[in-house]
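Protein chains in written order, with our numbering: chain A, 390 to 725; chain B, 390 to 725.
Worksheet: the structure to be examined is printed underneath.
Number of protein chains: 2
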Amino acid sequence: MNQKTISDYSEFQLIDKIIKKIPDFIQTDIIVNKGDDAAIFKPQANSLVVTSIDSFVENVHWNPSKQSYYHAGWKIINAAVSDIAAMGAHATYLTIACNLKKKLYYKDFVQLINGIRDACKELKINLIGGNLTSSNVNAITVSALGEIQKNNRNIKIMQRNNASIGDKILLSGPIGGAAAGRKLLKKEKINKTNNKMIKIFNQPKARTDIGEIIAQEGVKCAIDVSDGLLQDLLHICHASKVNAEIQLQEIPLYTEAIKTFGLTQAQKMALHGGEDYELLFTANNRTIDRLKRKYIPLHVIGSIKEINKKKQRSNISLIEKDKITLITKNHGWEHF
Amino acid sequence: MNQKTISDYSEFQLIDKIIKKIPDFIQTDIIVNKGDDAAIFKPQANSLVVTSIDSFVENVHWNPSKQSYYHAGWKIINAAVSDIAAMGAHATYLTIACNLKKKLYYKDFVQLINGIRDACKELKINLIGGNLTSSNVNAITVSALGEIQKNNRNIKIMQRNNASIGDKILLSGPIGGAAAGRKLLKKEKINKTNNKMIKIFNQPKARTDIGEIIAQEGVKCAIDVSDGLLQDLLHICHASKVNAEIQLQEIPLYTEAIKTFGLTQAQKMALHGGEDYELLFTANNRTIDRLKRKYIPLHVIGSIKEINKKKQRSNISLIEKDKITLITKNHGWEHF
Numbered sequence: 390m391n392q393k394t395i396s397d398y399s400e401f402q403l404i405d406k407i408i409k410k411i412p413d414f415i416q417t418d419i420i421v422n423k424g425d426d427a428a429i430f431k432p433q434a435n436s437l438v439v440t441s442i443d444s445f446v447e448n449v450h451w452n453p454s455k456q457s458y459y460h461a462g463w464k465i466i467n468a469a470v471s472d473i474a475a476m477g478a479h480a481t482y483l484t485i486a487c488n489l490k491k492k493l494y495y496k497d498f499v500q501l502i503n504g505i506r507d508a509c510k511e512l513k514i515n516l517i518g519g520n521l522t523s524s525n526v527n528a529i530t531v532s533a534l535g536e537i538q539k540n541n542r543n544i545k546i547m548q549r550n551n552a553s554i555g556d557k558i559l560l561s562g563p564i565g566g567a568a569a570g571r572k573l574l575k576k577e578k579i580n581k582t583n584n585k586m587i588k589i590f591n592q593p594k595a596r597t598d599i600g601e602i603i604a605q606e607g608v609k610c611a612i613d614v615s616d617g618l619l620q621d622l623l624h625i626c627h628a629s630k631v632n633a634e635i636q637l638q639e640i641p642l643y644t645e646a647i648k649t650f651g652l653t654q655a656q657k658m659a660l661h662g663g664e665d666y667e668l669l670f671t672a673n674n675r676t677i678d679r680l681k682r683k684y685i686p687l688h689v690i691g692s693i694k695e696i697n698k699k700k701q702r703s704n705i706s707l708i709e710k711d712k713i714t715l716i717t718k719n720h721g722w723e724h725f
Numbered sequence: 390m391n392q393k394t395i396s397d398y399s400e401f402q403l404i405d406k407i408i409k410k411i412p413d414f415i416q417t418d419i420i421v422n423k424g425d426d427a428a429i430f431k432p433q434a435n436s437l438v439v440t441s442i443d444s445f446v447e448n449v450h451w452n453p454s455k456q457s458y459y460h461a462g463w464k465i466i467n468a469a470v471s472d473i474a475a476m477g478a479h480a481t482y483l484t485i486a487c488n489l490k491k492k493l494y495y496k497d498f499v500q501l502i503n504g505i506r507d508a509c510k511e512l513k514i515n516l517i518g519g520n521l522t523s524s525n526v527n528a529i530t531v532s533a534l535g536e537i538q539k540n541n542r543n544i545k546i547m548q549r550n551n552a553s554i555g556d557k558i559l560l561s562g563p564i565g566g567a568a569a570g571r572k573l574l575k576k577e578k579i580n581k582t583n584n585k586m587i588k589i590f591n592q593p594k595a596r597t598d599i600g601e602i603i604a605q606e607g608v609k610c611a612i613d614v615s616d617g618l619l620q621d622l623l624h625i626c627h628a629s630k631v632n633a634e635i636q637l638q639e640i641p642l643y644t645e646a647i648k649t650f651g652l653t654q655a656q657k658m659a660l661h662g663g664e665d666y667e668l669l670f671t672a673n674n675r676t677i678d679r680l681k682r683k684y685i686p687l688h689v690i691g692s693i694k695e696i697n698k699k700k701q702r703s704n705i706s707l708i709e710k711d712k713i714t715l716i717t718k719n720h721g722w723e724h725f
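In structure tokens, the structure reads:
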């Protein structure tokens, strides 16, 4: 069987392959595109530029024995763009650095590129530059660039440190699906019911459909649920110097996760799982009314409270019927 | 001896360390700085945004047994910014993705951050965002962002595909020093004479001092010599669909490299070595006169020739007295 590796090709042949496979998917003002030392674009008049960087490392962020390279490519693009959506901007451009093993099969390289291409197409974003280098570990790093229109001095962006006391805490959709999918893949339990969760894990979608809209409608504080609900909510609490109170039974879950793992496990996955890429945000009642009129999907799960000034350290009160659990430490994914 | 590793700290403690160690070094319009999902800045009025991405991987781009983490940090920042200078822009912002081993010593992590900080300070650039993740291989990826002022529809940028027949080929300074330094480090030959080359290898400086100026003065085609003179010149030739002719004895070399390795070796290092980060560019005589009046350092090493239309593939004629060597393939650093 002919199993070529990428070392059967030159660096420049591989770069050519990427350039040919990934065209531009939207009309934008690109002055210099892929293939030069750097890319150049013209930002829209009166706009701000938003940028984030994110990495996916083999055996940390994806398991090549359980997930295809296609899914690795798809996921890193969505993860990077999700951070732009969480600021209230729309992502327009990407650059990508691929650190790849010399013995990577060429067919897996092509699958990786296909995943990147399909995600760019779905998200309507243009890949404008990149870098390719050899490494002993496959790792993909994406820099996402977005734009925010600045109208009449009024910059509508969402930040972690903008939660206000009295704000409701909301989610844009059910969470815990990715963690359920990850668990099912580990156990190799794939059937019709489970398929949905595996798809959520393998092919999550950044909420680019609502990030910019909710910011325009007045939401001032958001984050994406990439590290797990409790950890990401703690990020908001710490940055905003507030506490949070959430009702366990109000957290939207996937029916499939409850069916497969039971309610308690499904709730745990929602609290700690991460990689869901739904938006977690805070808003006052007037803003929530405006969002409802625009048919924005939302689930109120709790509210923002004053911090205990003596204690100074933010916490989350997790309420389950009459029981209150106080969360003060990060409970999500920790790298070190 | 207390040798803490980064796994003795949480991800957020390490991020805090980076944020505290690296302040902003220039006054710019940053709307959201390090610490949120993404960073936001306001581009200067009427400007274009330039962006590139570059990775440094342990044991590929730096050898931790010969080079300090300080130098790894310094080099990746300069390498990334060099690509922006080669387009004729000035770099303003960086985001950085650090994929680090859990067993990395904390003191090496601090050295890495110090190298990044000192390079940012020297280059007058602001780090505005980043990502930290664990990996089995240390690797740093930098996304550099720059700006180019657009005056009266006249965008003065430099591109690989802009070399014109009759243009002279120029270098902004001596090359081959980094390759000499790399060789000396390998052989552990460090003394007073060699020190300069080792410093060039360990602490190269991106030519941000001249990139923007030469573009403004009319240079339309440039690249940085990161892959080696012949390879980078071939990039220009292929992109511009031209041939090149260079005089071996006109290539500026380091006296120290000639003293240590002899002329022939020093020339080879200049042709194939890479990592010099000098600018290689083409210009007509009128532009060269203007550059000279501005005291821009430059060394004419050859000229751009018409391509043989029958052959179609670009080549370089390397002239050494009466001998002409025809270069058609890449001779620099190849990753795969």
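We treat Cβ as the ideally placed atom computed from N, Cα and C, and that holds for glycine.
Predicted, not measured: the structure shown is a model, and the values here were computed from it.
Checklist entry - What is the DSSP secondary structure of A/F414, reduced to helix, strand or coil? => result Coil.
Checklist entry - Less than 8 Å separating the beta-carbons of A/G691 and A/Y643? => result Taking 8 Å as the Cβ cut-off, A/G691 and A/Y643 do not qualify as a contacting pair.
Next on the checklist: Does the CB of A/K491 have a neighbour CB from chain B at under 8 Å?
Outcome noted: For A/K491, the nearest CB of chain B lies under 8 Å from its own CB, placing it at the interface with that chain.
Checklist entry - Just curious, the alpha helix (DSSP H) that B/T649 is in, first and last residue? => result Start and end: T644 to F650.
Next on the checklist: Counting only Cβ pairs nearer than 9 Å, list the residues of chain B close to A/S692.
Outcome noted: Within chain B, no residue comes near A/S692; the closest Cβ sits about 22 Å away, beyond 9 Å.
Next on the checklist: Measuring alpha carbon to alpha carbon, tell me which residue in B/S399, B/S703 and B/D472 is nearest B/D616.
Outcome noted: For the options B/S399, B/S703 and B/D472, the alpha carbon positioned closest to that of B/D616 is the one of B/D472.
Next on the checklist: Any C-beta of chain B within less than 7 Å: which residues of the stretch 608-639 of chain A qualify?
Outcome noted: Those residues of the stretch 608-639 of chain A that come within reach of chain B (Cβ to Cβ, closer than 7 Å) are I612 and D613.
Checklist entry - Are three or more beta carbon pairs between the stretch 595-604 of chain B and the stretch 636-651 of chain B nearer than 8 Å? => result The stretch 595-604 of chain B, when compared against the stretch 636-651 of chain B, does not touch it at the 8 Å Cβ threshold.
Item to check | Check whether A/L534 and B/I420 have beta carbons under 8 Å apart | outcome: Their beta carbons are not under 8 Å apart, which means A/L534 does not touch B/I420 by this criterion.
Checklist entry - Who pairs with A/N697 in a beta bridge, going by DSSP? => result As DSSP reads the structure, A/N697 sits in no beta bridge.
Checklist entry - How close, in whole Å, do the beta carbons of A/V439 and A/A478 come, if the pair is a contact with beta carbons under 8 Å? => result With a Cβ gap of about 4 Å, A/V439 and A/A478 count as contacting.
Next on the checklist: At the 8 Å Cβ level, is B/G518 part of the contact set with chain A, yes or no?
Outcome noted: Chain A contact via Cβ: present.
Checklist entry - Using the C-alpha atoms, what's the distance from A/K510 back to B/I587? => result The alpha-carbon atoms of B/I587 and A/K510 are separated by roughly 46 Å.
Item to check | Assigned secondary structure, B/N591 (DSSP; H/G/I helix, E/B strand, else coil) | outcome: B/N591 carries a helical assignment under DSSP once its states are collapsed to helix, strand and coil.
Checklist entry - Does the beta-carbon of B/Y684 have 16 or more other beta-carbons within 10 angstroms, so that it is buried, or is it exposed? => result Burial call: exposed.
Next on the checklist: For A/A604 and A/K545, I'd like the C-alpha separation in whole angstroms.
Outcome noted: Rounded to whole angstroms, the separation of the alpha carbons of A/K545 and A/A604 is 6 Å.
Checklist entry - Quick one, which of A/Q636, A/L483 and A/S457 has its alpha-carbon nearest A/G504's? => result Taking only the C-alpha atoms, the option nearest A/G504 is A/S457.
Checklist entry - Between A/A655, A/I716 and A/N704, which lies nearest to A/R571 when the distance is taken from Cα to Cα? => result Nearest option by C-alpha distance: A/A655.
Checklist entry - A/L574 to A/L483, Cα distance in whole Å? => result Distance between A/L574 and A/L483, taken at the CA atoms: about 30 Å.
Next on the checklist: Three Cβ pairs or more, each shorter than 8 Å: is that satisfied between the stretch 549-562 of chain B and the stretch 418-435 of chain B?
Outcome noted: With the cut-off at 8 Å, the stretch 549-562 of chain B and the stretch 418-435 of chain B do not touch.
Item to check | Partners in chain A for B/D598, counting only beta-carbon separations shorter than 9 Å | outcome: None at all; the shortest Cβ gap to chain A is about 17 Å.
Item to check | Cβ-based burial, B/P412 [other Cβ within 10 Å; buried from 16] | outcome: That one is exposed.
Item to check | B/I529 and B/S444 closer than 8 Å at C-beta | outcome: Yes, the Cβ-Cβ distance between B/I529 and B/S444 is below 8 Å.
Next on the checklist: Tell me the residue span of the alpha helix (DSSP H) that contains A/F498.
Outcome noted: Where A/F498 is concerned, the enclosing alpha helix (DSSP H) starts and stops at Y495 to L512.
Item to check | For B/T676, the first and last residue of its enclosing alpha helix (DSSP H) | outcome: Here the alpha helix (DSSP H) through B/T676 covers N674 to R682.
Checklist entry - Is there a Cβ from chain A that is less than 8 Å from the Cβ of B/K431? => result With its beta carbon less than 8 Å from one in chain A, B/K431 belongs to the interface.
Next on the checklist: Looking at the secondary structure, which residues open and close the alpha helix (DSSP H) in which A/S703 lies?
Outcome noted: Boundaries cannot be given for A/S703, as no alpha helix (DSSP H) includes it and DSSP labels it neither H nor E.
Next on the checklist: Which of the three DSSP states is assigned to B/N583 in this structure?
Outcome noted: Assignment of B/N583 by DSSP, reduced to helix, strand and coil, places it in the helix class.
Checklist entry - Run through DSSP, which three-state label would A/I603 get? => result A/I603: helix per DSSP, three-state reduction.
Item to check | Nearest-angstrom Cα separation, counted from A/I442 out to B/D678 | outcome: A direct Cα-to-Cα measurement between B/D678 and A/I442 gives close to 42 Å.
Next on the checklist: For chain A, check one thing: does any of its Cβ atoms lie closer than 8 Å to the Cβ of B/Y494?
Outcome noted: No, B/Y494 lies away from the interface with chain A (no Cβ there is under 8 Å from its Cβ).
Checklist entry - So, helix, strand or coil for A/Q656, using DSSP? => result In the structure shown, A/Q656 falls within a helical segment according to DSSP collapsed to helix, strand and coil.
Checklist entry - From the beta carbon of B/E400, is the nearest beta carbon of chain A less than 8 Å away? => result Chain A, which has a Cβ nearer than 8 Å to the Cβ of B/E400, makes this yes.
Checklist entry - In terms of residue numbering, what span does the alpha helix (DSSP H) encompassing B/K557 cover? => result DSSP places B/K557 outside any alpha helix (DSSP H); the residue lies instead in the beta strand (DSSP E), whose first and last residues are K557 to L560.
Checklist entry - So what's B/E667 in DSSP terms, helix, strand or just coil? => result Coil at B/E667, not helix or strand.
Checklist entry - Going along the chain, which residues of its own chain have a beta-carbon closer than 7 Å to the beta-carbon of A/E476, five neighbours each way excluded? => result The question names Glu, but residue 476 of chain A is Met in the sequence shown. Cβ neighbours of A/M476 beyond the five flanking positions: V439, I546 and M547.
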